[in-house]
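Residue numbers (numbering that gives the first Met the number 0): 0 to 88.
Positions of the beta carbon are idealized from the N, C-alpha and C atoms, including for glycine.
Okay, so here's the structure we're looking at.
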Amino acid sequence: MSQLSEKHKLDFVNALFQFTDEDDDGALTLDEFSTLYERLALQFGPESSPLSELSGSEYRAKFDSVDVDHDGKVTRQEFLDDLLAFLHD
Ligand SMILES: [Ca+2]
Ligand SMILES: [Ca+2]
């Protein structure tokens with residue numbers, strides 16, 4: 000994996016965070032987080048995305064797994080850590 004593509008991924012995830020953080024407070028609430036996943040499902044289509052199958056409680060479970068310190072918010076760092084791990088494959 001080249002440094003350029005790592006930087007590209009970081010830029011992508013940062014942009015995605017900015018886009019998702021609708022009130023610009025630097026953290027994602029469960030609502031903002033759920034909206035992101037709904038948009039991703041729309042973007043990639045129901046057939047190709049398992050995310051579209053997520054129900055309310057599954058958003059919650061996913062949110063809790065990304066919110067590693069369990070303060071009820073996903074910070075930029077928590078979001079980066081999760082997405083970069085996800086994009087690593
Ligand atoms: Ca926010
Ligand atoms: Ca947190």
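Any non-hydrogen atom of ligand 1 closer than 6 Å to residue i Cβ
i     : result
GLU31 : yes
ASP10 : no
ASP22 : yes
From the options, residue whose alpha carbon lies closest to that of residue i
i     : options                       : result
PHE20 : THR74, ASP81, LEU3 and GLU57  : Here residue 20 is Asp; the residue named in the question, Phe, does not match the sequence. That would be THR74, whose Cα lies nearest to the Cα of ASP20.
GLY55 : ASP66, LEU29, ARG38 and LYS72 : LEU29
TYR36 : TYR58, LEU27, ASP24 and ASP22 : TYR58
Residue i vs residue j beta-carbon contact at 7 Å
i     : j     : result
PHE16 : PHE85 : no
PHE32 : PHE11 : no
- Query: Among all residues, which have a Cβ less than 6 Å from at least one non-hydrogen atom of ligand 2, and in what chain order do they fall?
  - Reply: ASP66, ASP68, ASP70, LYS72, VAL73, THR74 and GLU77
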